[in-house]
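Step one of this worksheet: look at the structure below.
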Amino acid sequence: PQLADQKTLARQIYEAYLKNFNMNKAKARTILTGKTCTPPFVIHDMETLQLAEQTLVAKMVGSAGALKDREAEVRIFHCCQCTSVETVTELTEFAKSVPGFSSLDLNDQVTLLKYGVYEALFAMLASSMNKDGLLVAYGSGFITREFLKSLRRPFSDMMEPKFQFAMKFNGLELDDSDLSLFVAAIICCGDRPGLVNVAHIEGMQESIVQVLQLHLLANHPDDSFLFPKLLQKLADLRQLVTEHAQLVQEIKKTEDTSLHPLLQEIYRDMY
Amino acid sequence: LQEKHKILHKLLQNGNTPDEV
Numbered sequence: 069p070q071l072a073d074q075k076t077l078a079r080q081i082y083e084a085y086l087k088n089f090n091m092n093k094a095k096a097r098t099i100l101t102g103k104t105c106t107p108p109f110v111i112h113d114m115e116t117l118q119l120a121e122q123t124l125v126a127k128m129v130g131s132a133g134a135l136k137d138r139e140a141e142v143r144i145f146h147c148c149q150c151t152s153v154e155t156v157t158e159l160t161e162f163a164k165s166v167p168g169f170s171s172l173d174l175n176d177q178v179t180l181l182k183y184g185v186y187e188a189l190f191a192m193l194a195s196s197m198n199k200d201g202l203l204v205a206y207g208s209g210f211i212t213r214e215f216l217k218s219l220r221r222p223f224s225d226m227m228e229p230k231f232q233f234a235m236k237f238n239g240l241e242l243d244d245s246d247l248s249l250f251v252a253a254i255i256c257c258g259d260r261p262g263l264v265n266v267a268h269i270e271g272m273q274e275s276i277v278q279v280l281q282l283h284l285l286a287n288h289p290d291d292s293f294l295f296p297k298l299l300q301k302l303a304d305l306r307q308l309v310t311e312h313a314q315l316v317q318e319i320k321k322t323e324d325t326s327l328h329p330l331l332q333e334i335y336r337d338m339y
Numbered sequence: 004l005q006e007k008h009k010i011l012h013k014l015l016q017n018g019n020t021p022d023e024v
């Protein structure tokens, strides 16, 4: 009976993942490996960026083109924020579908999302990356790593650590069913600062982590160390988010850019 | 905590899409 419960939990989490996220690894890999009819539009310099803005991401580049006269770095930063807000919204819906999450104390739900969404976002972002770049605009565009690196500082420091993480993370060759459980384990984490009902959340986390371990053994029988390797990735993601939050604070202080109110809430008093 | 995270709180309760940046 316990095994049946664990399989049900794994299935529920995977279904919630497929339902709530617009992009997933299977879709991204199909595009990145050239198996689609129309390849993504490649953004590799200022000219191709402008072309992409006129077509692919017109909706994202500010209402009535409010940002059209701003420098490229600011426009790209704005697009990153829009994508982050969308993913946070998707992650919230996903979290609500994880069995037990919605019955938690509302303050604890807020805390789990505040601390978990960026770790989950960067784990999932790896699916849309290869060593040369990143899928954008729902997979209709591909922005090169070199172009992102060529932006002026501090904006050029934004994505490179995510690429470095993604290349190692993608080496683990997880599929969407593994990722769904990994993302659920990130969100339902018992050691976030300020949690009220720690024991309850630790219990939820234990169930999910146990299911993840069993699922990895069945889905990757040739890699018996995959589970401990993934646990290490949890620590790496925490570090990645800490550094990202510091960079965003620096950008907010030194650059004339706005930060979406939802992202402000998440970053405020984070670490 | 909910006071300081009004948008997250709103998302949790009704799933409204946040306003544009």
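Residue numbers (this note's numbering), protein chains in the order written: chain A, 69 to 339; chain B, 4 to 24. For every residue, glycine included, the Cβ atom is placed at its ideal position computed from N, Cα and C.
About 7 Å separates the beta carbon of leucine 174 of chain A from that of leucine 15 of chain B, a gap short enough to meet the 8 Å contact definition. Judged by DSSP secondary structure, leucine 202 of chain A falls within the beta strand (DSSP E) whose first and last residues are 201-204. The Cβ atoms of phenylalanine 89 of chain A and glutamate 158 of chain A lie closer than 8 Å to each other. Listed along chain B are Leu4, each with a C-beta nearer than 7 Å to that of threonine 179 of chain A. Interface with chain B (8 Å Cβ-Cβ cutoff): asparagine 92 of chain A is excluded. Leaving aside the five residues that flank alanine 94 of chain A on each side, the residues in its chain whose CB is nearer than 7 Å to its CB run, in chain order, Asp244.
Within the DSSP secondary-structure output, valine 309 of chain A pairs in no beta bridge. Judged by pairs of C-beta atoms under 8 Å, the segment 206-215 of chain A touches the segment 107-119 of chain A, as three or more such pairs exist. At a cut-off of 8 Å between beta-carbon atoms, arginine 143 of chain A makes no contact with chain B.
Pairwise C-beta distances place the segment 219-228 of chain A out of contact with the segment 250-260 of chain A, as fewer than three of them are shorter than 8 Å. In this chain, the alpha helix (DSSP H) harbouring threonine 155 of chain A covers 140-165.
Excluding five sequence positions before and after glycine 168 of chain A, the CB atoms of its chain that fall closer than 6 Å to its own CB belong to Met272, given in chain order.
Of the other Cβ atoms in all chains shown, fewer than 16 fall within 10 Å of the Cβ of tyrosine 339 of chain A; this residue is therefore exposed. The shortest CA-to-CA distance from cysteine 150 of chain A to any of A:Lys164, A:Leu330, A:Ser165 is the one to A:Leu330.
Residues of chain B with a Cβ closer than 8 Å to the Cβ of arginine 336 of chain A are, in chain order, Lys7.
Identification of residues in the segment 260-284 of chain A having a C-beta nearer than 8 Å to some C-beta of chain B yields Gly262, given in sequence order. When C-beta atoms of the segment 190-201 of chain A are compared with those of the segment 232-240 of chain A, three or more pairs fall below 8 Å, so the two segments count as touching.
Residues of chain B whose Cβ lies closer than 8 Å to the Cβ of asparagine 175 of chain A are, in chain order, Leu4, Gln5. Close to lysine 182 of chain A, with beta-carbon spacing below 8 Å, are these residues of chain B in chain order: His8, Leu11.
Comparing C-alpha distances from asparagine 265 of chain A to each of A:Ile276, A:Phe295, A:Leu308, A:Leu172 shows the shortest one belongs to A:Leu172. Within 8 Å of the CB of glutamate 333 of chain A, the CB atoms of chain B belong to Lys7, His8, Lys9, Ile10, Leu11, in sequence order along the chain. Scanning chain B for C-beta atoms nearer than 8 Å to the C-beta of threonine 160 of chain A yields Leu11, Leu14, Leu15, Gly18, reported in chain order. Leucine 294 of chain A and glutamate 139 of chain A have their C-alpha atoms spaced approximately 43 Å apart. Around the beta carbon of glutamate 274 of chain A, fewer than 16 other beta carbons sit within 10 angstroms, so the residue counts as exposed. If you look at glycine 271 of chain A, you'll find it in the alpha helix (DSSP H) that goes 266-287. Secondary structure of asparagine 92 of chain A (DSSP, three-state): coil.
Take the alpha-carbon of lysine 103 of chain A and the one of asparagine 92 of chain A: they are about 15 Å apart. In the DSSP annotation of this structure, the continuous segment of the alpha helix (DSSP H) that includes glycine 184 of chain A starts and ends at 174-193.
A direct Cα-to-Cα measurement between glutamine 5 of chain B and leucine 263 of chain A gives close to 13 Å.
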